[in-house]
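Take a look at the structure below.
Numbering (this note's numbering), first residue to last: 1 to 416.
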């Protein structure tokens, strides 16, 4: 049994890694070369065009449900309307260039493209509903962003790789490990086609079950694909798996409070209702309108759980992913040990704490740390997720600059 499990883990890695690495590279290029000033300029105003712009920007972005909240709130602070922020909030975590490629690899292009279309429509409907159900607050003026035209091509490519590995992959690496482990466990314990024998799972019952599991759960859009593929291979209808892949990445209990504080109760209700209702609708549409694509997706999922020819590119990609994840984990451990063993501050240094609101996950912690450490005279920032306090070590950094850096990152400074 143990040997079969580790064989399944390796097989999932072979399926996942090439598309994941390509997706990370494309996401890095998108992040580096997409003009941020143009992005923010197109999202102001309670119009359908603003929502459309936000959704078109959000669909290819590889952000999880925790990471997208500060991004959406940051866009709102920069002048985007609540409708545009909501459309971005709903559509972005459901898909991304990396997850599209992984979905196509596991479940076929018809499924992957259908999921992209579903994310687009869901984001549009949610954003338009917010615009229709209440007036927007006056938007704060958009802040200008400094261009990066002076950077050389080589420097920008380094930025692409750095962002892909140390921002994106670092944000999802542990969730990828969990997703691969769970997918392999499902493959090992549940025989192919077993769930197809349960009549109640084949209809609306299966979709309701997936919705009940997905809404409160945090799952990364990329790492959830192998789990869905394993469920489909075990006999779960593809439409029910689509519900899981839409609702899971789009929502989780950790982000609901942040959405409520940043956008209000009305937006939160529309956000949850839109994701729940439309994931069920698109799951049903996929089952009944595209039965041939459903069959193809199930067949491709089963194919990924059968032995095949040696693929040296996939092997190299899997080894690279393992090495990168190990590097990121080791990097975290070294930083924690260094922080624990660090000496007391020198006499000319000073330490103080800042209360930051809106941190809901470790990705939020990383965002706040990165933003504060970019402020002049800050040597080190240590955010604590549980309390919201950030211990800042350095010379004498400007408090207004610290508050501005936190705000621009999509969070807010609170009174301790």
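Even glycine gets a Cβ: it sits at the ideal position worked out from N, Cα and C.
Do residue j and residue i count as a contact pair if the criterion is CB distance below 8 Å?
| i | j | result |
| --- | --- | --- |
| residue 227 | residue 157 | no |
| residue 411 | residue 365 | no |
| residue 283 | residue 320 | no |
| residue 324 | residue 174 | no |
| residue 8 | residue 222 | no |
| residue 116 | residue 59 | yes |
| residue 268 | residue 256 | yes |
| residue 131 | residue 230 | no |
| residue 24 | residue 164 | yes |
| residue 260 | residue 90 | no |
| residue 87 | residue 123 | yes |
| residue 376 | residue 359 | no |
| residue 134 | residue 49 | no |
| residue 43 | residue 160 | no |
| residue 390 | residue 353 | yes |
| residue 112 | residue 100 | yes |
| residue 249 | residue 224 | yes |
| residue 176 | residue 102 | no |
| residue 98 | residue 20 | yes |
| residue 402 | residue 372 | yes |
| residue 381 | residue 392 | yes |
Rounded to the nearest angstrom, how far is the Cβ of residue i from that of residue j, given a contact under 8 Å?
| i | j | result |
| --- | --- | --- |
| residue 414 | residue 355 | 4 Å |
| residue 243 | residue 207 | 5 Å |
| residue 317 | residue 18 | 4 Å |
| residue 394 | residue 378 | 4 Å |
| residue 236 | residue 201 | 6 Å |
| residue 14 | residue 314 | 4 Å |
| residue 238 | residue 286 | 6 Å |
What do you get for residue i, buried or exposed, if any count of 16 or more other CB atoms within 10 angstroms of its CB means buried?
| i | result |
| --- | --- |
| residue 465 | With the chain covering only 1 through 416, there is no way to say anything about residue 465. |
| residue 152 | exposed |
| residue 398 | exposed |
| residue 311 | exposed |
| residue 63 | buried |
| residue 171 | buried |
| residue 75 | buried |
| residue 385 | exposed |
| residue 334 | exposed |
| residue 351 | exposed |
| residue 233 | buried |
| residue 61 | buried |
| residue 343 | The predicted model places residue 343 with a pLDDT of 49, which falls under 50 and marks its position as unreliable; any figure quoted below should be read in that light. Exposed, by the Cβ-count rule. |
| residue 338 | exposed |
| residue 409 | buried |
| residue 2 | exposed |
Less than 7 Å separating the Cβ of residue i from some heavy atom of the ligand GDP?
| i | result |
| --- | --- |
| residue 381 | Ligands displayed in this structure: none; no statement on the ligand GDP is therefore possible. |
Would residue i pass as an interface residue toward chain C - the criterion being a Cβ-Cβ separation below 8 Å?
| i | result |
| --- | --- |
| residue 203 | Judged by its chain identifiers, the structure shown contains no chain C, having just a single protein chain. |
Exercise. Does the region 208-217 come close enough to the region 232-249 that 3 or more CB-CB pairs lie under 8 Å?
Worked result: yes
Exercise. Should the region 85-100 be called in touch with the region 266-281, which here means at least 3 C-beta pairs below 8 Å?
Worked result: yes
For this session: Could you pull out every unbroken alpha helix (DSSP H) segment of at least 4 residues lying fully inside the region 356-414, listed in chain order?
Result: 362-373, 399-408
Exercise. Do the region 183-192 and the region 40-58 make contact, defined as three or more Cβ pairs closer than 8 Å?
Worked result: no
Exercise. What are the start and end residues of each continuous alpha helix (DSSP H) run of 4 or more residues lying completely inside the region 224-288, in chain order?
Worked result: Fully enclosed alpha helix (DSSP H) runs of 4 or longer: 224-233, 238-250, 253-263.
Exercise. Can at least three beta-carbon pairs, one atom from the region 81-90 and one from the region 118-136, be found at a separation below 8 Å?
Worked result: yes
Problem set entry | Contained beta strand (DSSP E) runs [length at least 3] in the region 168-213, N- to C-terminal order | none
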